[in-house]
Structures are given as C-alpha cells and as structure tokens.
Amino acid sequence: MSFADLGLVPGLSRAVAERGYATPTPIQRAAIPAVLAGRDVLAGAQTGTGKTAAFVLPILQRLGARLHAAPRALVLTPTRELAAQVAASACDYARHTSVRTAVIFGGVSERPQIEALRAGCDLLVATPGRLLDLAQQRFLDLSQVQCCVLDEADRMLDMGFIHDIRRILKLLPPERQNLMFSATYSQDIRALAARLLRDPATVEVAARNAAAERIEQHVYHVPKEHKRHLLVHLIASGNWQQVLVFTRTKHGANRLTQQLQGSGISAAAIHGNKSQSARVRALEDFREKRVTALVATEVAARGLDIRELPHVLNYELPNVPEDYVHRIGRTARAGGSGAAVSLVSPDEAPLLREIEKLLKRSLPCAPLPAYGLAAVSAPAAPPSHATPGAAGQRRDARRPHAGRPHSARHSGRRPHRGQRYAPAAAIPRTRRPV
Ligand code: AMP
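Numbering-wise, the numbering used here puts 119 at position 121 of the sequence shown, and it's gapless, one number per residue.
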C-alpha cells in the first residue's frame, strides 16, 4: 500500500517519498483515511510509530491552500521540543503546497512568534501556556480553527495542562474536527476523550500500554551508589555512541552529567531549568553524536525524535509507570531496533513492580558485569540454576533493605537474613570503574 492509496494528493505523497518513507506505517494506514473523511479520531499509538504524519498529512490536505488568515488547524503538544518537531515535520510535508505552518512555545522571545502569527498561518502548532498568553494578548485569533489535535494527550494531563486545555477549547468554534493521540489510556484520558470527541474512529496500533515490541529491555539490580560506575562501564565496554539517560530530577541530571564528564564521557543535560537555547544545543550535539550521553528529565525528553537512537537508559525508574513506556519509546523508532536498560536500586523495587504490572510481564534481569565496584556489595549467594547472578540480584533487589546504606542499619528496621549491606562508606570514591 502506498500513501497515494490512502487518498493523499500527489504533492503530499511526493513530499513523504522525498523524506524516504516507502510505505505508510500502521497508524498512518488507519488514521489518514479517517481524518481525510472529516471524522474525529482517538488514536492509541506508541511513540515512534509515525503518528505525526498520521495527523499532519491529512490535515494539510484538508487545509488545501494558504489563506493568509487565522489558523484553521491547531496542534497542541505538551513540550516545546515536540512542538518544534511537529512543526518542522509539517513544513517538510507541506513543501509542495502553499499551506503555511507556525509554531509557538514558551521559553523564547514572543516577538518572532507574534510576527509569524501576524503574517498568517494555516496550521498552528503550540504548547498550551504560550498559546493562552498570546491569545489573551489578542495576538491570536482562534475563531477559524476547524481541526484541533491533542498530541501526546496523556502527557499533557500528566503535566497538569488540563485547565489550560479546557480554556483553549473554549476559545475554539464548537463545530470542529478533534483528534486525540495518546500512548497510554488512563481514566482521565478516557474522560477527556468522551467529552471532546464525537463518534470517533478509534485507531489502535499496539496493545494498550504495551512497550514497543522491538525494544530489547532488561534491568540491572544495583545499589544506588554504584549506578554511575555501572553506567560508565556499560558505555565504555559496550562502546555506546549515543545513549539517552533518564534521571528523575533536574539536579540529578546535572550531577550525573558532571560525573560522566569526570569519567571522560562526553555528556550534556537537558531539563526544564535549562534555557531553550541550551536545550536546543544539547539536543543538536547529541543528534550529531558530538556528545555520547544526553542526560534528561522526563519532561525535556518527551517527544524527542532522534533517528536510530540505539540506547535508552533509566538511571532511575520513573514514579509513574506509564512514563517508562514513553521513555523507552525514544528508541526503536519507526521500524528500527533498540535497547532499553534500567538500573534498579533496592528502593525502586516497588516502582519496577508497577511497571511490570503495566506491561503485564516481568522485565528480564541481566547479571551485573564486573564494573569494578560490584564486589563491594555483591548480593546474597545466587541459586545454582540458570543466570545465577541475575536471579540472585533480582530476588535481593525486591527486598526492601537490599543494598541500603550504612545508616539504614540504625533505622530500627532489621535486615533480612543473609542480606549484606553496601555501606556507602565502603565505596571508594576515587576509584574508577574499568
Ligand atoms: P513519530 O512517531 O511521528 O514521532 O515518528 C517517528 C519517526 O518515524 C520520525 O523520524 C518520522 O520521520 C519517521 N516516519 C514517519 N512515518 C514514516 C514512514 N511511513 N516510513 C518511515 N519512517 C517514517
């Protein structure tokens, strides 16, 4: 099946061919005809499935030609990076049409965005906050919007955008087409879909809440204090050229970036406290393989599209299990394959259980490689059967006290029988892993 078979006009089919797309992806096959027919759509799609083209292409076709007026299609995204990416794709897909795209998001000067709105655009891609700002200042007329897309809707709700979204929807004409894309389905997402969508075509290209099948996933059970040594070892021994590393906090991202740099690994951090230009630069350096490790918090990494990203590493597990699916979706995009590795310290065992519950399967556990410090806190003796290290580590990690630092001994809670602690003081700070 070709893009033309889906009903796309030659200008758009040509643009995707020039971009190197030979055949439509499953989400494109399902969504494009429905959007072209003017239907509302509820799409459950994993990241990396080609969902952007699945809504942008038919929207461009319905827009037809440039009108030099207020936007007629609006795409809302949770993050600046995703907004920039969707807009860049839209410009590219629209290259043989006269449709004009503009993008607005926070963290950068309003001026050029206001100028772009003044010049007129047909398709507007925006993050909710800046959109409301500019609408309130009357730089933006949303009264012509015929189609509204909520991209990564689950993420928008996670980020607390529900009130902004409601306010934006009130500014739009009531008669319009609505499309909603979400990688995961929570009660809140279902409720929003029920309010927003009229008789939607539901498009499901993967099992709900399922992580991409092509992604090879495994976990290492490792004491918290050893994580950075293991990470350095994995990068060096595996000769990793590009790894996206997730931490839970901005501070943690900064600290790990410095530690990696101190170990001779080129690294950059990307998180919400960084200026937009620093984020763009870090991303560009990573894309161009000038830095090996991009250390990111959840929010910043959302929507990043880096072609053929081979490794995603969860330095810390996310608090929300759905975020695991989003994180690992950064690899194995659009037909490629990739590996997602999680470093799980004993205190994260409950988070791992939640993730496994969501995935409806347990994640395979890899034996710890000899990263130099492993011997300091080797877990209790493994059973004698297959992958002994893995099984033993896993069992230990699920114990609440496994690997607890020295101070934990005095917390009043008793260690399990046979459990050895990894006293923080015993970790030689200056020693580098091999
Ligand atoms: P998305 O899920 O929209 O973020 O897209 C993920 C990646 O897949 C992007 O790099 C797209 O350029 C690419 N892509 C989208 N559609 C296709 C296609 N039909 N064939 C090959 N690559 C595609």
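From the three backbone atoms N, C-alpha and C, an ideal C-beta is built for every residue, glycine too.
Between the Cα of residue 203 and the Cα atoms of 350, 25 and 271, which residue gives the shortest distance?
The option with the nearest alpha carbon to residue 203 is 25.
Residue 218 by DSSP, collapsed to three states: which one?
In this structure, residue 218 counts as strand in the three-state DSSP scheme.
If we call anything under 9 Å between Cβ atoms a contact, is residue 266 one with residue 284?
One thing to note: residue 266 has its Cβ within 9 Å of the Cβ of residue 284.
Got a sec? Which residues, its chain only, sit under 8 Å from residue 320 by beta carbon, not counting five neighbours each side?
If you ignore the 5 residues before and after residue 320, its C-beta comes within less than 8 Å of the C-beta of 152, 156, 181, 182, 184, 207 and 356, all in its own chain and listed in chain order.
Please state the DSSP three-state secondary structure of residue 213.
Note: residue 213 maps to strand in three-state DSSP.
Could you tell me the distance, in whole angstroms, from the CA atom of residue 134 to the CA atom of residue 83?
Cα-Cα distance, rounded: 25 Å.
Going by the beta-carbon positions, is the gap between residue 67 and residue 73 smaller than 9 Å?
The beta carbons of residue 67 and residue 73 sit no closer together than 9 Å.
Boundaries (first-last residue) of the beta strand (DSSP E) holding residue 154
The continuous stretches of beta strand (DSSP E) do not include residue 154, which lies in the alpha helix (DSSP H) extending over residues 151 to 156.
For the ligand AMP, is there a heavy atom less than 8 Å away from the beta-carbon of residue 42?
It does not: the Cβ of residue 42 is nowhere closer than 8 Å to a heavy atom of the ligand AMP.
Give the DSSP bridge partners of residue 42, in chain order.
Residue 42 is bridged to 180 and 202.
Select from 165, 324 and 58 the residue whose C-alpha is nearest the C-alpha of residue 98.
Among 165, 324 and 58, the Cα nearest to that of residue 98 is on 58.
Could you check where the beta strand (DSSP E) with residue 336 kicks off and where it finishes?
Taken as a continuous stretch (DSSP letters only), the beta strand (DSSP E) holding residue 336 covers 336 to 342.
Pull up the distance between the alpha-carbon of residue 249 and that of residue 274, whole angstroms please.
Just so you know, the alpha carbons of residue 249 and residue 274 end up roughly 17 Å apart.
Less than 8 Å between the CB of residue 308 and some heavy atom of the ligand AMP, yes or no?
The nearest non-hydrogen atom of the ligand AMP is 8 Å or more from the C-beta of residue 308.
So which of 150, 94, 51 and 341 has the shortest CA-CA distance to residue 8?
Closest option to residue 8, Cα to Cα, is 94.
Give me whichever residues DSSP pairs with residue 292 in a beta bridge.
Beta-bridge pairing links residue 292 to 242 and 266.
Residue 151: beta carbon under 8 Å from a heavy atom of the ligand AMP?
Remark: the C-beta of residue 151 is outside contact range of the ligand AMP, defined as less than 8 Å to any heavy atom.
Round the Cβ separation of residue 51 and residue 14 to the nearest angstrom and send it over; I've been treating them as touching at under 8 Å.
Yes, residue 51 and residue 14 are in contact; Cβ-Cβ is about 7 Å, under 8 Å.
Bridge-paired residues (DSSP) for residue 145
Under DSSP, the beta-bridge partners assigned to residue 145 are 71 and 175.
Please report how far the alpha carbon of residue 141 lies from the alpha carbon of residue 172, in whole angstroms.
Using only the alpha carbons, I get a separation of about 10 Å.
Extent of the continuous alpha helix (DSSP H) run through residue 237:
Per DSSP, residue 237 lies in no alpha helix (DSSP H) and is assigned neither H nor E.
State whether the segment 30 to 50 contacts the segment 0 to 7, with contact taken as three or more CB pairs (one from each stretch) at a distance under 8 Å.
Yes, the segment 30 to 50 is in contact with the segment 0 to 7.
Going along the chain, which residues of its own chain have a beta-carbon closer than 8 Å to the beta-carbon of residue 362, five neighbours each way excluded?
So the qualifying residues of the chain are 215, 216, 217 and 388.
Should residue 96 go down as buried or exposed, given a rule of 16 or more other Cβ atoms within 10 Å for buried?
Counting the other Cβ atoms within 10 Å of the Cβ of residue 96 gives fewer than 16, which makes it exposed.
Three-state secondary structure (DSSP) at residue 252?
Correct three-state label for residue 252: helix.
Minimum C-alpha distance to residue 170 - residue among 147, 143, 195 and 159
Of the candidates 147, 143, 195 and 159, the one whose C-alpha sits nearest the C-alpha of residue 170 is 143.
Quick one: Cα of residue 190 to Cα of residue 76, how far?
In this structure, the CA atom of residue 190 is about 15 Å from the CA atom of residue 76.
Less than 9 Å separating the beta-carbons of residue 39 and residue 121?
No; because the gap between Cβ atoms is not below 9 Å, this pair is not in contact.
Measuring alpha carbon to alpha carbon, tell me which residue in 119, 49 and 107 is nearest residue 71.
Comparing Cα positions, the closest option is 119.
So, for residue 437: in the same chain, excluding its five sequence neighbours on each side, which residues have a beta-carbon less than 8 Å away from its beta-carbon?
Here the chain comprises residues numbered -1 to 432, so residue 437 is not present and cannot be evaluated.
Under a Cβ-count criterion, where at least 16 other Cβ atoms within 10 Å of its own Cβ denotes burial, should residue 48 be classed as buried or exposed?
Residue 48 is buried by the Cβ-count criterion.
Does the beta-carbon of residue 7, which I'm using as the reference point, lie nearer than 8 Å to any heavy atom of the ligand AMP?
Relative to the ligand AMP, residue 7 has its C-beta separated by 8 Å or more from all heavy atoms.
Cβ shell of residue 313 (< 7 Å), same chain only, five flanking positions each side left out
So the list reads 225, 229, 243, 244, 245, 254 and 341, once near-sequence residues are dropped.
DSSP beta-bridge partners of residue 119:
Partner(s): none; residue 119 has no beta bridge.
Locate the beta strand (DSSP E) running through residue 20, then write down its first and last residues.
Unbroken run through residue 20: none, as it is neither H nor E.
Shorter than 9 Å from the beta carbon of residue 29 to some beta carbon of chain D?
Included in the structure is just one protein chain, with no chain D present.
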